[in-house]
Amino acid sequence: MKNMTPKEHAKMQHDEHSHHGVSIEEKEMNGWKKKLIFSWIFVVPIATFMLFDRLFKIIIFEENIMRIIILILAFPVIFIFGWRTIKQGIKGLFTFYFNMDSLIALGTVIAYATGFLSMFGIVSDYSGVSAMIIAFFTTGKYVESIAKGKASQEIRKLLQLGAKKARILKGNKEIEVDIGEVEIGDIIVVKPGEKIPTDGLVIKGESAVDESMISGESMPVDKIKGSNVIGATINQDGVLYIKATKIGKDTFLAHIIKLVEEAQGTKVPIQKLADKITSIFVPTILVISVLTFIDWLYISKDVSKSLGIAISVLVIACPCALGLATPTALMVGSGIGAKNGILIRKGEAIQTMKEVKTIIFDKTGTITKGMPEVTEIISEMDEREFLKIAGSLEKVSEHPISRAIVKEAEEKKIKLLEVKKFHVERGRGIKGIIQGKNILIGNRKLMDENKINYNKYENKIMKLEDEGKTTVIVSINKKVTGIIGVADAIKDDSLEAIKMLHKKNYRIVMITGDNEKTAKAIALKAGINEVIANVLPEDKEKEVIKLQKNGMVAFVGDGINDAPALKQANVGIAMGTGTDIAIESGDIVLAKGSLIGVVSAINLSKETFKKIKQNLFWAFIYNIIAIPLALFGTLNPVVAEIAMATSSVSVIGNALLLRRKKI
Amino acid sequence: MKKIKLTIEGMHCASCASNIERAVKKVKGVKEVVVSLMTNKAFIEIDEDVNREEIKKAIGKVGYKVVDIEE
Chain U
0 MKNMTPKEHA KMQHDEHSHH GVSIEEKEMN GWKKKLIFSW IFVVPIATFM LFDRLFKIII
60 FEENIMRIII LILAFPVIFI FGWRTIKQGI KGLFTFYFNM DSLIALGTVI AYATGFLSMF
120 GIVSDYSGVS AMIIAFFTTG KYVESIAKGK ASQEIRKLLQ LGAKKARILK GNKEIEVDIG
180 EVEIGDIIVV KPGEKIPTDG LVIKGESAVD ESMISGESMP VDKIKGSNVI GATINQDGVL
240 YIKATKIGKD TFLAHIIKLV EEAQGTKVPI QKLADKITSI FVPTILVISV LTFIDWLYIS
300 KDVSKSLGIA ISVLVIACPC ALGLATPTAL MVGSGIGAKN GILIRKGEAI QTMKEVKTII
360 FDKTGTITKG MPEVTEIISE MDEREFLKIA GSLEKVSEHP ISRAIVKEAE EKKIKLLEVK
420 KFHVERGRGI KGIIQGKNIL IGNRKLMDEN KINYNKYENK IMKLEDEGKT TVIVSINKKV
480 TGIIGVADAI KDDSLEAIKM LHKKNYRIVM ITGDNEKTAK AIALKAGINE VIANVLPEDK
540 EKEVIKLQKN GMVAFVGDGI NDAPALKQAN VGIAMGTGTD IAIESGDIVL AKGSLIGVVS
600 AINLSKETFK KIKQNLFWAF IYNIIAIPLA LFGTLNPVVA EIAMATSSVS VIGNALLLRR
660 KKI
Chain R
0 MKKIKLTIEG MHCASCASNI ERAVKKVKGV KEVVVSLMTN KAFIEIDEDV NREEIKKAIG
60 KVGYKVVDIE E
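Keeping their order, the protein sequence lines are chains U and R.
Note that numbering that gives the first Met the number 0 numbers the first sequence so that position 132 is 131, with each residue one more than the last.
Note that numbering that gives the first Met the number 0 numbers the second sequence so that position 41 is 40, with each residue one more than the last.
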């Protein structure tokens, strides 16, 4: 938003807030904050009394009066501010849907009850302790909710990215409407510094547009008449007139949000063990604490001491750190990814990525720009006549090469002819009849199959292929009349990205339908020395399977025709270039077309997985050390509670450190 | 088969998420449940004719509130 005037900026911020209300996260945070403040108001005097009593043996009140005062002070802490926790916990105990509240509830209620029992001399008084447990518990929860908010910050930013208003052109009047009222086909006026409200097509005007929030690409992109623009990107210096092409749920931003949100619902396999433990954790701890009480009672014959230790066990055990270990790291990781145009769709990919040995790149649209252009026309016929026939037949196919030839014909204003009985031969070319003549356009295979001799052009074909150009042969009534060379330039940073991957010791393979020579020439330019050429679109999947015999494989493709290969690969990385995002096929989708994104995606996955492992390790270690400590009576219940609160906060804190990593 | 997305209020720990998963799975016609603690969302795969109210009730019973259902 750097190019916005302060006034516009303020307005936009205002819009964002007024439309958003209070989120669940904020509500949760505010709730804990309130509980925390009130709890401490009551707990501070309790703690003071207890301190004087224990440390200095100063008796402010007579013993029983003191007990009653503490019971009264502790009551609201537990049964008002801590009520939701207590209620949830007790409910859990009865319905067998145990949660960590069950542990806290049981611990505090028993501790509170000792306040009454102590008056009859049965046990010593833990009621003050019970209030302190709740106070520390709410404090821990509050800090945790702040940390959780931080962890989901990037994703929430994404949700708020969309524009709220649009200025549409009605007649020659500009009227401002809510974004929800914009319809497909509306003409939207976007002034410098404003957000582009929705996906559309520029019909008038020229400007640079900052797309960094969507693609992570920091350089502004020039937009002219006919360019596609993406909603939520920022128009920088010119006025753009845009025809809305996609609205609401169908926009690119909406797709990204859906994708990132859904990813949070996917599991990372390493979490499975932690999940299993979490699900039996609470009942196990309940049993352990009962056994602890019985054992200690048997050994020490001291009810008070046994009870204190049992309470410590209840409150120190923390399933939260275990349960939060993976989701928090995944959340932070996918947030950072989204900011950089790397959309993690499946949590599993993060774990699989580190096992990947081979990366297969599709050629067209992945290594190359995917926009082939005609570079050579060699024919014995008149060039326009030749192109007329070629263009007419190619018009029936949607293949990128066909489109390049049609475009060439159209640019030369050649009127195309009617085609009869056409047939697309997959991976070979096209057949058809034009003005009664049998036309064949395609590669050598097609010519060989139809016994057409192309020897006359063989040298020229070879020369074009050496330059990395795809060559099609045109035959009229079984006689070759010429060839067309089509080149698809490689993307600017493909070479750099491949170099980086080679440095990381990946085996890099390029796969393509082109013939060996053309493919090799292109691969060379991109720095790739292993090529699988002549592959039919439907066979890419089989090639992936073959390579999988040597270890895990990642496949990078542009999503549409590569879907089966992307699915077959251990990690599918789809290039979601522009607005035609191929959501369903990849485990990871790159919003930006650049191959550098592949390098970043690998780094991000590895770093995120490292964090998950660290978190799980610490969460396990915490419980493995803390529970026995409590069990052997070395920890006071209040200390136990502080330790518990710290453990879950530290897991989230550690996940947040991921944001400092450069990817 | 249909996918729905619920927004749930009141989850605050890992066992909350697994409790909701357990409770919702018991509703007839529910195929798959994944609860995301971090986003307060539940992603549920169900048969077409499953009553949304029943899912809400199941979640309510274990102590959480469904604030939004997206189809």
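Every residue gets a Cβ at the ideal spot worked out from N, C-alpha and C, and that includes glycine.
Check: From the beta carbon of Gly-59 of chain R, is the nearest beta carbon of chain U less than 8 Å away?
Finding: Within the second sequence, numbered from 1, the residue matching residue 59 of chain R stands at position 60. Gly-59 of chain R does not count as touching chain U.
Notebook entry, point to check: To which residues of the same chain is Asn-18 of chain R closer than 7 Å at the C-beta, ignoring the five residues directly before and after it?
Noted result: Numbered from 1 along the second sequence, position 19 holds the residue referred to as residue 18 of chain R. Result list for Asn-18 of chain R: Val-61, in chain order.
Checklist line | Simplified DSSP state of Thr-107 of chain U, which is helix, strand or coil | finding: As a position in the first sequence, residue 107 of chain U is number 108, starting the count at 1. Helix, per DSSP.
Next item on the list: Within the same chain, show all residues whose beta-carbon is closer than 8 Å to that of Val-637 of chain U, passing over the 5 residues directly before and after it, in chain order.
Entry: What you label residue 637 of chain U is simply residue 638 of the first sequence in a count that begins at 1. Its chain contains Val-128, Met-131, Ile-132 and Phe-135 as the residues whose beta carbon lies nearer than 8 Å to that of Val-637 of chain U, once the 5 sequence neighbours on both sides are disregarded; these appear in chain order.
Margin query: Could you tell me the alpha carbon to alpha carbon distance between Thr-469 of chain U and Ala-532 of chain U, rounded to whole angstroms?
Written below: As a working note, residue 469 of chain U is residue 470 in the first sequence. As a working note, residue 532 of chain U is residue 533 in the first sequence. If you take the alpha carbons of Thr-469 of chain U and Ala-532 of chain U, they lie about 12 Å apart.
Next item on the list: Can you have a look at Met-446 of chain U and say buried or exposed, based on whether 16 or more other CB atoms are within 10 angstroms of its CB?
Entry: Your numbering for residue 446 of chain U matches position 447 in the first sequence. A buried status is given to Met-446 of chain U, since no fewer than 16 other beta-carbon atoms sit within 10 Å of its beta-carbon.
Item checked: For His-422 of chain U, the residue or residues it bridges with in DSSP -> Along the first sequence, read from residue 1 onward, the residue named residue 422 of chain U stands at position 423. Paired residue(s): U:Lys-430.
Check: Which residues in the same chain as Leu-634 of chain U place their Cβ atom closer than 7 Å to its Cβ, once the five residues preceding and following it in sequence are excluded?
Finding: For the purposes of this step, residue 634 of chain U is identified with residue 635 of the first sequence, where counting begins at 1. Apart from the 5 residues on each side of it in sequence, Leu-634 of chain U sits with its Cβ closer than 7 Å to the Cβ of Ser-311, Ile-315 and Leu-628 in its chain, given in chain order.
Check: Less than 8 Å separating the beta-carbons of Asn-264 of chain U and Ser-35 of chain R?
Finding: As a first step, residue 264 of chain U is located in the first sequence; it is residue number 265 there, counting from the start. As a first step, residue 35 of chain R is located in the second sequence; it is residue number 36 there, counting from the start. At residue 264 of chain U the sequence reads Gly, which differs from the Asn that was named. The answer is yes: Cβ separation under 8 Å.
Next item on the list: Please report how far the alpha carbon of His-8 of chain U lies from the alpha carbon of Val-201 of chain U, in whole angstroms.
Entry: Numbered from 1 along the first sequence, position 9 holds the residue referred to as residue 8 of chain U. Numbered from 1 along the first sequence, position 202 holds the residue referred to as residue 201 of chain U. With a pLDDT of 43 at His-8 of chain U, under the threshold of 50, the predicted position of this residue should be treated as unreliable, though the coordinate-derived value follows. C-alpha separation (whole angstroms): 24 Å.
Margin query: For Met-509 of chain U and Glu-529 of chain U, I'd like the C-alpha separation in whole angstroms.
Written below: Within the first sequence, the letter at position 510 stands for residue 509 of chain U. Within the first sequence, the letter at position 530 stands for residue 529 of chain U. Looking at the two C-alpha atoms, the distance is approximately 6 Å.
Notebook entry, point to check: Nearest chain R C-beta to Gln-87 of chain U closer than 8 Å, yes or no?
Noted result: Walking along the first sequence from the start, residue 87 of chain U turns up at place 88. Yes - at least one Cβ of chain R is within 8 Å of the one on Gln-87 of chain U.
Note to self: Could you compute how far the alpha carbon of Met-218 of chain U sits from the alpha carbon of Thr-283 of chain U?
What the structure shows: Numbered from 1 along the first sequence, position 219 holds the residue referred to as residue 218 of chain U. Numbered from 1 along the first sequence, position 284 holds the residue referred to as residue 283 of chain U. If I take the Cα positions, the gap works out to 56 Å.
Next item on the list: Select from U:Lys-519, U:Gln-434, U:Val-423 and U:Ala-273 the residue whose C-alpha is nearest the C-alpha of Leu-415 of chain U.
Entry: Sequence index remark: in the first sequence, residue 415 of chain U carries index 416 (1-based). For Leu-415 of chain U, the closest alpha carbon among the candidates U:Lys-519, U:Gln-434, U:Val-423 and U:Ala-273 is that of U:Gln-434.
Note to self: According to DSSP, is Thr-517 of chain U part of a helix, a strand, or is it coil?
What the structure shows: Here residue 517 of chain U is taken as the residue at index 518 of the first sequence, counted from 1. Secondary structure of Thr-517 of chain U (DSSP, three-state): helix.
Check: Taking Cβ-Cβ distances shorter than 8 Å, what residues in chain U pair up with Leu-36 of chain R?
Finding: Looking up residue 36 of chain R in the second sequence gives position 37. What Leu-36 of chain R touches in chain U: Gly-322, Leu-323 and Pro-326.
Next item on the list: Sort U:Asp-557, U:Arg-506 and U:Ile-229 by Cα distance to Gly-526 of chain U and report the nearest one.
Entry: One-based indexing of the first sequence puts residue 526 of chain U at position 527. Measuring C-alpha to C-alpha distances from Gly-526 of chain U to each of U:Asp-557, U:Arg-506 and U:Ile-229 identifies U:Arg-506 as the nearest.
Check: When the distance is taken between beta carbons, is Gly-575 of chain U closer than 8 Å to Leu-565 of chain U?
Finding: What you label residue 565 of chain U is simply residue 566 of the first sequence in a count that begins at 1. What you label residue 575 of chain U is simply residue 576 of the first sequence in a count that begins at 1. No.
Next item on the list: Going by DSSP, name the residue or residues bridged to Asn-227 of chain U.
Entry: Numbered from 1 along the first sequence, position 228 holds the residue referred to as residue 227 of chain U. DSSP, once it has assigned bridges, lists U:Leu-200 as partnering Asn-227 of chain U.
Check: Mapping DSSP to helix, strand and coil, what is Leu-36 of chain R?
Finding: Here the question's residue 36 of chain R lines up with position 37 in the second sequence. Per DSSP, reduced to three states, the secondary structure at Leu-36 of chain R is coil, with no helix or strand assignment.
Next item on the list: Can you tell me which of U:Glu-382, U:Ala-408, U:Lys-610 and U:Thr-137 puts its alpha carbon nearest to the alpha carbon of Glu-393 of chain U?
Entry: As a working mapping, residue 393 of chain U is identified with position 394 in the first sequence. The shortest Cα separation from Glu-393 of chain U among U:Glu-382, U:Ala-408, U:Lys-610 and U:Thr-137 belongs to U:Ala-408.
Check: Which word fits Asn-39 of chain R, buried or exposed, when buried means at least 16 other C-beta atoms lie within 10 angstroms of its C-beta?
Finding: Start at 1 with the first residue of the second sequence, and residue 39 of chain R comes out as number 40. It counts as buried.
Next item on the list: Helix, strand or coil for Leu-342 of chain U, going by three-state DSSP, please let me know.
Entry: If you number the first sequence from 1, residue 342 of chain U lands on position 343. Reduced to three states, the DSSP call for Leu-342 of chain U is strand.
Checklist line | Buried versus exposed call for Ile-293 of chain U [16 or more other C-beta atoms within 10 Å across all chains shown] | finding: As a working mapping, residue 293 of chain U is identified with position 294 in the first sequence. So Ile-293 of chain U counts as exposed.
Check: Quick one, are the C-beta atoms of Asn-614 of chain U and Ala-328 of chain U less than 8 Å apart?
Finding: Residue mapping note: residue 614 of chain U aligns to position 615 of the first sequence, counting from 1. Residue mapping note: residue 328 of chain U aligns to position 329 of the first sequence, counting from 1. A contact, by the Cβ cut-off of 8 Å.
Notebook entry, point to check: Is the beta carbon of Ser-305 of chain U less than 8 Å from the beta carbon of Leu-296 of chain U?
Noted result: Start at 1 with the first residue of the first sequence, and residue 305 of chain U comes out as number 306. Start at 1 with the first residue of the first sequence, and residue 296 of chain U comes out as number 297. At the C-beta level, Ser-305 of chain U and Leu-296 of chain U come within 8 Å of one another.
Note to self: Going by DSSP, what residue range makes up the beta strand (DSSP E) through Thr-283 of chain U?
What the structure shows: Against the first sequence, residue 283 of chain U aligns to sequence position 284. Where Thr-283 of chain U is concerned, there is no enclosing beta strand (DSSP E), although the alpha helix (DSSP H) it sits in stretches over 270–299.
Notebook entry, point to check: At a Cβ threshold of 8 Å, is Val-33 of chain R touching chain U?
Noted result: To locate residue 33 of chain R, count along the second sequence from 1; it is residue 34. Cβ-Cβ to chain U under 8 Å: yes for Val-33 of chain R.
Next item on the list: Tell me, to the nearest whole angstrom, how far the beta carbon of Thr-365 of chain U is from that of Met-551 of chain U; I am working on the premise that it is less than 8 Å.
Entry: Here residue 365 of chain U refers to the residue found at position 366 of the first sequence. Here residue 551 of chain U refers to the residue found at position 552 of the first sequence. Not a contact, Cβ separation roughly 19 Å.
Note to self: Measuring only the C-alpha atoms, how far is Gly-467 of chain U from Val-555 of chain U?
What the structure shows: As a working mapping, residue 467 of chain U is identified with position 468 in the first sequence. As a working mapping, residue 555 of chain U is identified with position 556 in the first sequence. About 21 Å.
Next item on the list: Just confirm the distance between the C-beta atoms of Lys-368 of chain U and Lys-490 of chain U, as a whole number of angstroms; I'd bet it's less than 8 Å.
Entry: The sequence position of residue 368 of chain U within the first sequence is 369, counting from 1. The sequence position of residue 490 of chain U within the first sequence is 491, counting from 1. Confirmed, about 6 Å.
Notebook entry, point to check: Given a threshold of 16 other Cβ atoms within 10 Å of its Cβ, counted over all protein chains shown, does Thr-291 of chain U qualify as buried or as exposed?
Noted result: Here residue 291 of chain U refers to the residue found at position 292 of the first sequence. Classification for Thr-291 of chain U: buried.
Note to self: Determine, for His-18 of chain U, whether the minimum Cβ-Cβ distance to residues of chain R falls below 8 Å.
What the structure shows: Start at 1 with the first residue of the first sequence, and residue 18 of chain U comes out as number 19. Because the pLDDT at His-18 of chain U is just 37, under 50, the model does not fix this residue reliably, and the point stays unresolved.
Next item on the list: Keeping to the same chain, check which residues put their C-beta closer than 6 Å to that of Pro-5 of chain U; ignore five residues upstream and five downstream.
Entry: The residue labelled residue 5 of chain U in the question sits at position 6 within the first sequence. At Pro-5 of chain U the pLDDT is 44, less than 50, meaning the model places this residue with poor confidence and gives no usable figure here.
Margin query: Could you check if Val-23 of chain R belongs to the surroundings of the ligand ATP, using beta carbon to heavy atom distance under 7 Å?
Written below: With respect to the ligand ATP, the structure offers nothing, as it holds no ligand at all.
Next item on the list: Determine whether the Cβ of Asp-274 of chain U lies closer than 8 Å to any Cβ atom of chain R.
Entry: Within the first sequence, the letter at position 275 stands for residue 274 of chain U. So, interface residue.
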